[in-house]
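Notes for the one structure printed next.
In my numbering, the protein residues as written are 200 to 422.
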């Protein structure tokens, strides 16, 4: 029997678990030291950030040559991965909650939020590269890069919608709420401009990291 975690290398899985543990320890220390639950929402956001990795790992497993799966199962897995994927880079935007508080040390809160942000980046690109690996086999390396770039922009839009319009991945199960929220916001040019502006600049951030990792991978393959 092939377990899901075999789709991730042991080194990668161990690294992700260690970074997650570091975040949890920092948060627990902060909560214990300040007797405050100000940042407890980070626990939920971090858990949500792991969901895309679970779906991308399942996607790799379903598309394994040793398995024969219905295309509908593969497509459904990819759909849910795409829906939940923005949760990983969404952690980066939690920095907006940083503010001085009585009895707390500001630099520690900066370190805490940045640790969660970096973990979000790690989870984002590990998950994306799993998907990319499968697509490379299907459509080739160049076409897959185009797909990855498009996915990063779609994800940036998803992050901005989550941050500004407060729509969540699980709202896909409540289309009436989605339509209501979208109809309320789409009539405002200011809110549309805010979404487009944030999505574009956030995309630049993601694509810069993506290109940097691609350069590292090319250097590794050439060495």
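Virtual Cβ for every residue (Gly too), placed ideally from N, Cα, C.
Beta-carbon contacts of residue i that lie in its chain and below 6 Å, excluding the five residues immediately before and after
{"i": "residue 370", "result": "376 and 377"}
{"i": "residue 334", "result": "343 and 346"}
{"i": "residue 214", "result": "none"}
Beta-carbon proximity list for residue i, same chain, < 7 Å, skipping 5 on both sides
{"i": "residue 404", "result": "none"}
{"i": "residue 173", "result": "Because the chain is modelled from 200 through 422, residue 173 falls outside the range shown and cannot be assessed."}
{"i": "residue 254", "result": "276, 279, 280 and 283"}
{"i": "residue 202", "result": "Residue placement at residue 202 is flagged as unreliable, the pLDDT there being 42, under the threshold of 50; a coordinate-derived value is accordingly withheld."}
{"i": "residue 219", "result": "245 and 318"}
{"i": "residue 402", "result": "351, 352 and 355"}
{"i": "residue 249", "result": "322"}
Residue environment, residue i, which counts as buried when at least 16 other CB atoms sit within 10 Å
{"i": "residue 325", "result": "buried"}
{"i": "residue 271", "result": "exposed"}
{"i": "residue 295", "result": "exposed"}
{"i": "residue 355", "result": "buried"}
{"i": "residue 357", "result": "buried"}
{"i": "residue 360", "result": "buried"}
{"i": "residue 396", "result": "exposed"}
{"i": "residue 226", "result": "buried"}
{"i": "residue 379", "result": "exposed"}
{"i": "residue 224", "result": "exposed"}
{"i": "residue 394", "result": "buried"}
CA-to-CA distance, residue j to residue i, given in whole angstroms
{"i": "residue 291", "j": "residue 252", "result": "17 Å"}
{"i": "residue 228", "j": "residue 288", "result": "24 Å"}
{"i": "residue 410", "j": "residue 352", "result": "14 Å"}
{"i": "residue 257", "j": "residue 241", "result": "25 Å"}
{"i": "residue 205", "j": "residue 216", "result": "At residue 205, the pLDDT of 44 sits below 50, so the modelled position is not reliable and the matter cannot be decided from this model."}
{"i": "residue 392", "j": "residue 338", "result": "34 Å"}
{"i": "residue 222", "j": "residue 311", "result": "7 Å"}
{"i": "residue 233", "j": "residue 315", "result": "19 Å"}
{"i": "residue 200", "j": "residue 303", "result": "With a pLDDT of 33 at residue 200, under the threshold of 50, the modelled position of this residue cannot be trusted; read the value that follows with caution. Roughly 49 Å separates the two Cα atoms."}
{"i": "residue 332", "j": "residue 263", "result": "11 Å"}
{"i": "residue 286", "j": "residue 321", "result": "12 Å"}
{"i": "residue 238", "j": "residue 417", "result": "39 Å"}
{"i": "residue 231", "j": "residue 336", "result": "49 Å"}
{"i": "residue 399", "j": "residue 348", "result": "12 Å"}
{"i": "residue 212", "j": "residue 368", "result": "24 Å"}
{"i": "residue 297", "j": "residue 235", "result": "14 Å"}
{"i": "residue 382", "j": "residue 210", "result": "46 Å"}
Cut-off 8 Å between Cβ atoms - residues of its own chain near residue i, not counting five sequence neighbours on either side
{"i": "residue 350", "result": "281, 284, 327 and 330"}
{"i": "residue 365", "result": "380"}
{"i": "residue 261", "result": "268, 272, 273 and 276"}
Which runs of the alpha helix (DSSP H) fall wholly inside the stretch 209-240 and span at least 4 residues, in chain order? 209-233
Ranges of the beta strand (DSSP E) found wholly within the stretch 349-416, counting only runs of at least 3: none
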